[in-house]
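**Q**
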Amino acid sequence: MTPALALRDLRKSFGPTEIIRGVTLDIQAGERHAIIGPNGAGKSTMFHLISGRIKPTAGSIALKGEDITGLEPYEINHRGLSRSFQVTNIFPKLTVYENIRCSVLWSLGYRYSFWRFVDRLRDANERAEEIMEEIGLSARKNTPASILAYAEQRALEIGITIAGGAEVIMLDEPTAGMSNKETEQAVALIRKVSEGRTLVMVEHDMSVVFGLADRISVLVYGQIIATGAPAEIRADKAVREAYLGEEAH
Amino acid sequence: MLEIITFSTLNGVLYGMLLFMMASGLTLIFSMMGVLNFAHASFYMIGAYFGFEISRRIGFWPGFVVAPLLVGGVGALIERFGLRRVHGYGHVAELLFTFGLAFVIEELVNMFWGRLPVDYRVPPSLDFVAFKLFDTTYPAYRMFMLATAVAMFVFLILILKRTRVGLIIQAALTHPNMVAMLGHDVPTVFMLVFGVGAALAGLAGVIAGPALVTQPSMAGLLGPILFVVIVVGGLGSLTGAFLASLLIGLVQTFAVAINGSLFDLIGPTATTIFGELGSVTVAQIAPILPYLLLVVVLIVRPTGLFGNRET
Amino acid sequence: MTGASRTLLAFAAFAVILAIAPMVFASGTSVTMMSVMGVMIIFALSYNMLLGETGLLSFGHAVYYGLAGFFAAHAMNLARQQGLPVPLPVIPLVGGVAGLFFGVLFGAVSTRRAGTVFAMITLGLGELVSAFALLMRTFFGGEDGISTNRAKLLPVFGYKFGPQIQIYYLIAIWCFVCVALMYAITRTPLGRMCNAVRDNPERAEFVGYSAQRVRFIAFSLSATFAGVAGALSAINFELMNSHAAGAGQSGAVLLMTYVGGVGQFIGPIIGAVLITFLQTSLSDVTKAWMLYFGLLFIGVVLFAPGGISGWLALHAPLVRGGRIFRLAPAYALAALPFAALFVGMVLLIELSYHMLVDAASEGTKTSVFHIAMDGASAPPWIATVVLLVGGVLGLRAVWPKIGDAWAAATEPTGGEA
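Protein chains in written order, with numbering that gives the first Met the number 0: chain Y, 0 to 248; chain L, 0 to 310; chain R, 0 to 416.
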């Protein structure tokens, strides 16, 4: 079966510093895949490379078998990949509803049209309502995104990411900065919205990672030192030494 | 021919260095504060007018020293009591503020000195012929301008490379957010940079005033070219600003010296193909060249020659 | 009342105002002024498609207005000379097409970048066009410009469009249509994405939209409407000269739009009406009117970045909640020092202007606010200083009270806020 995402010897240098040093990884369709690793390992850089925010120095990326190396973010998005950001990245002056609706427009084929009213696009409005219901922000429909509470903004961040119905969803630290209760809700939300899709996430909270992920990859100094099911990763000697070392005691 | 080349090169370099005196301040202000100071050419203009006012009352040399300092003071005050206030509203508001300021300054100059050019003269001590080449003379004042511009350039390099302040500024050029983290009093640094940038532009005005024309439209005529310089050079790059200044200085000076047209080059077909543009001389299109250069550079290299920043 | 019916009501009111305005203000000067207002409403709204809706600050929007005006003037002349059966009311379409053409051409270059660089490119393109205009004398007519005659085209239902009132209604109809279209565009997928790109171009790319393409389409549409406005201006004045495409006109549309307010659709309409009114009336009252415009602009940037409509919108919830009266005492208290400051500023500018510019030829005696005074004597200057200092100190003292009143008025008191 063609993997949802296939990275082949991916490399990225900033000046003389190589941040991603040859990553090769297959992520299967339908799996929940977590990428963990210490700070500065290059997790976010890897996300940026896959989603097109920055261009790789060498190597290739394939999405569902199609080469997407070097494409623009919107082109990659058209091919069925959507991502969230570690630092909340929403449309601050727009309402919650507009945030979500803007994010469903392309997937429903409305492109750059300026000859039909958005309010009359039944499918776009229904879909936006559904997404708001799903992320639990229906009550905040007409609130400008900038004045939402932090956890609500994080939920909106996920809502924007899943709104387009992409098959591959990438979440960058979705629970960062949340309280325990908020994290629980976020995990439930992620579990729900990733149903039937491929999920790639970067996460620091190990309970979230081991609770959600089908497989885990460990990134250290720009290289993947292990990939496997949670139990295998827990047992992996190299991982324990390089990364979990402290926590294993 | 050789004399045209020699004098055009000299004048081109001179014009380029004058541009750089302003473009350097503009670039520093932009890099550190994120503000594109629309009123920068206005500081050049008030430099010229202050220089004129002081020179007719006391003499050229006191004006040469005092006028740039005054302009720097005005700049620092504007930063402190105007720009700092709009800082919170974002860069567009800052740009709009300086845009309005340029407009107000022009109107104030109109009010104080009138709409006609003022008689800002070359000081007698510099009013002689520097050298003569193939029957064409070159005024000493222009050599003085060139020397001043080069001296400022060297001074700027020394400050940037050799002093602590220079290090902070360089750090700010590449890592705009880092300076604050190093614990420097950012508002004061901003005010100083803005003031020094204004003073540099003022100095350019003081020395350019007698050679060019000191009139209320001088800011409006020069400002857009200044922006072309820093966009072509790449916003935020001092090297880029320097090379673009020289490039535009030379291109414009040489263009003015060439009195030929397409018509002269390829004959009547020029007018059949290009209409009336076929008979326009190169000298006539000199004012357009910087903007054409801007368009070409942006098509080929959207970040400018040495730019690496997106906005 | 639903949003849609409220919109319909607003447009109905707009239509009625356009229709009856010349009956209320029937003098020749009023009708001429209102014709210009109609043109400027279209122009300013087209500008706000960039600035307010898409977050693009242009210093060269008059390029599309001016160039389209020249094409319209030439089209009218051509139609007359060739005897083509073209009625005057369709000439704005020529302007729209010309605006679109140049919008696509220059937009392709300038929308590659956003933010500050975009602003600088538009400035450069504006200078480029101005410089070209001086070279191409046959098309732009040099200093004199291109004149035309609106009354020599094919009559429509017997109207020949000689009288100004007919031109007013022609402009009014085009104005209504363009305003409706531009409003409609804000309600489309593109219009929503313009806002999204304005707020966060990066995220827009990750939900499938090329920020550059959104900017480019918005730019082209905006240039089209600017072109319609330019053509209407050519019809109105029967004259086009290259200043119409120049930096001054670009600055004017920025002034109107920003003073009116970029955050509300109605903002640029308010700005266009107010600034056009001031342009016509202030220049009769004071020679320093350009300076007042500059100061007005800076004042808005410094103290009311939302413009007039933004300031009004702040009060809308209070009006709806019936609490606006709680602000009245504080506002009344602020009015006095504000008036003092205003009068002091005017005195300062008028006295300075008179002493610096006119005193040499007219003597030092002048009058401000119809009060005779001598600029060479001390009293008017003392009054100026007293008013300015008093105004500033007074405003400083009153400012916290306004803050308190706001807090009191907006404080939720159990009911719906």
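Even glycine gets a Cβ: it sits at the ideal position worked out from N, Cα and C. Just so you know, these numbers come straight off a predicted model, no measurement behind them.
1. Just to confirm the assignment: which complete alpha helix (DSSP H) runs, minimum length 4, are found wholly within the segment 124 to 185 of chain Y?
2. What do you get for Y257 of chain R, buried or exposed, if any count of 16 or more other CB atoms within 10 angstroms of its CB means buried?
3. Taking the CB atoms as reference points, tell me whether G106 of chain R and R214 of chain R lie closer together than 9 Å.
4. CB L62 of chain Y to CB V95 of chain Y, shorter than 9 Å?
5. Under 7 Å Cβ-Cβ, which residues of chain R neighbour D118 of chain Y?
6. Does the Cβ-Cβ distance between G249 of chain Y and S50 of chain Y come in under 9 Å?
7. Can you tell me whether A138 of chain Y is buried or exposed? The criterion is at least 16 other CB atoms within 10 Å of its CB, across all chains shown.
8. Exposed or buried, what is M110 of chain L when buried is set at 16 or more other beta-carbons lying within 10 Å of its beta-carbon?
9. Run through DSSP, which three-state label would E17 of chain Y get?
10. Along the beta strand (DSSP E) that carries F130 of chain L, what are the first and last residues, could you check?
11. Quick one: does T310 of chain L have its CB under 9 Å from some CB of chain R?
12. Are the C-beta atoms of F205 of chain R and some chain Y residue less than 9 Å apart?
13. Taking 8 Å as the cut-off, does the segment 211 to 230 of chain R touch the segment 257 to 276 of chain R (at least 3 CB pairs, one atom from each stretch)?
14. Given Y43 of chain L, which residues of its chain have a CB within under 8 Å of its CB, disregarding the five upstream and five downstream residues?
15. Tell me which residue opens and which closes the alpha helix (DSSP H) that Y137 of chain L is part of.
16. Quick one: give me the first and last residue of the beta strand (DSSP E) that H312 of chain L is part of.
17. Cβ of A171 of chain R versus every heavy atom of the ligand NAD: is any distance shorter than 8 Å?
18. My output table needs one value for F10 of chain R: the three-state DSSP class, helix, strand or coil.
19. Would you check if the distance between the CB atom of I157 of chain Y and the CB atom of I189 of chain Y is smaller than 9 Å?
20. Hey, quick one: how far does the alpha helix (DSSP H) through D373 of chain R stretch, first residue to last?
21. With I215 of chain Y as the anchor, note down where its alpha helix (DSSP H) starts and where it stops.
22. Strictly under 9 Å for the Cβ-Cβ distance: is F258 of chain Y near chain R by that measure?
23. Is V108 of chain R close to chain L, meaning its C-beta is less than 9 Å from at least one C-beta of that chain?
24. Would a C-beta distance cut-off of 9 Å place I247 of chain L and L292 of chain L closer than the cut-off?
25. Using a beta-carbon distance below 9 Å, is R136 of chain R in contact with chain L?
26. Report yes or no: is there a C-beta of chain Y within less than 9 Å of the C-beta of R112 of chain R?
27. Got a sec? Which residues, its chain only, sit under 7 Å from D283 of chain R by beta carbon, not counting five neighbours each side?
28. Where do the N-terminal and C-terminal ends of the beta strand (DSSP E) with E200 of chain Y fall, by residue?
29. Strictly below 8 Å CB to CB, what residues from chain R border M110 of chain L?
30. Locate the alpha helix (DSSP H) running through I172 of chain R, then write down its first and last residues.
31. Suppose you measure from the CA of W288 of chain R to the CA of G59 of chain R; what does that come to, to the nearest Å?
32. Could you tell me the alpha carbon to alpha carbon distance between N98 of chain Y and P200 of chain R, rounded to whole angstroms?
33. For F113 of chain Y, go through chain R and note every residue whose CB falls closer than 8 Å to its CB, in chain order.
34. So, T213 of chain L versus F59 of chain L, is the Cβ gap smaller than 9 Å?
35. So, is K42 of chain Y buried or exposed, given that buried needs 16 or more other C-beta atoms within 10 angstroms?
36. Please tell me whether I26 of chain Y and A3 of chain Y are closer than 9 Å, where the distance is taken between their beta carbons.
**A** In this structure, then:
1. Whole alpha helix (DSSP H) segments, 4+ residues: 149 to 162.
2. Buried, by the Cβ-count rule.
3. Against a cut-off of 9 Å, the Cβ pair of R214 of chain R and G106 of chain R comes out as a contact.
4. No, the Cβ-Cβ distance between L62 of chain Y and V95 of chain Y is not below 9 Å.
5. Those within 7 Å of D118 of chain Y in chain R are R186.
6. What is shown of chain Y runs 0 to 248, which leaves residue 249 of chain Y out entirely.
7. Classification for A138 of chain Y: exposed.
8. Classification for M110 of chain L: buried.
9. Residue state, collapsed to three classes: strand.
10. Looking at the DSSP string, the run of the beta strand (DSSP E) that includes F130 of chain L is 128 to 132.
11. Because T310 of chain L carries a pLDDT of 40, less than 50, the predicted location of this residue cannot be relied on, and the following value inherits that uncertainty. At a cut-off of 9 Å between beta-carbon atoms, T310 of chain L makes contact with chain R.
12. Taking Cβ atoms only, chain Y reaches closer than 9 Å to F205 of chain R, which makes this a yes.
13. No, they do not touch.
14. Taken in chain order, the residues that qualify are M21, A200, G201, A203, G204, A207, M217, A218, L221.
15. Y137 of chain L -> not in any alpha helix (DSSP H); beta strand (DSSP E) instead, spanning 135 to 138.
16. As shown, chain L starts at 0 and ends at 310. That puts residue 312 of chain L outside it, with no answer to give.
17. In terms of ligand content, the structure shown is empty, and the ligand NAD therefore cannot be addressed.
18. Under the three-state reduction of DSSP, F10 of chain R is assigned to helix.
19. In this structure, I189 of chain Y lies closer than 9 Å to I157 of chain Y by Cβ.
20. Counting along the chain, D373 of chain R falls outside any alpha helix (DSSP H), though it belongs to the beta strand (DSSP E) covering 370 to 373.
21. Taken as a continuous stretch (DSSP letters only), I215 of chain Y belongs to no alpha helix (DSSP H), being part of the beta strand (DSSP E) at 214 to 219.
22. Outside the displayed range of chain Y (0 to 248) lies residue 258 of chain Y, so it cannot be described from this structure.
23. It does; some Cβ of chain L falls within 9 Å.
24. Yes; because the gap between Cβ atoms is below 9 Å, this pair is in contact.
25. At least one C-beta of chain L is nearer than 9 Å to the C-beta of R136 of chain R.
26. Put simply, the CB of R112 of chain R is far from chain Y, with every gap to its CB atoms at 9 Å or more.
27. Its chain contains no residue whose beta carbon lies nearer than 7 Å to that of D283 of chain R once the 5 sequence neighbours on both sides are disregarded.
28. Position check: residue 200 of chain Y holds Met in this sequence, whereas Glu was assumed. For M200 of chain Y, the enclosing beta strand (DSSP E) has its first and last residue at 197 to 201.
29. Correct list: A287, L290, S351, Y352, L355, V356.
30. Per DSSP, I172 of chain R belongs to the alpha helix (DSSP H) from 163 to 185.
31. If I take the Cα positions, the gap works out to 23 Å.
32. Spanning the two alpha carbons is a distance of roughly 13 Å.
33. What F113 of chain Y touches in chain R: I184, T187, P188, L189, G190, I216, L220.
34. For T213 of chain L and F59 of chain L, no; Cβs fall outside 9 Å.
35. With 16 or more Cβ atoms within 10 Å of its Cβ, K42 of chain Y is classed as buried.
36. For I26 of chain Y and A3 of chain Y, yes; Cβs fall inside 9 Å.
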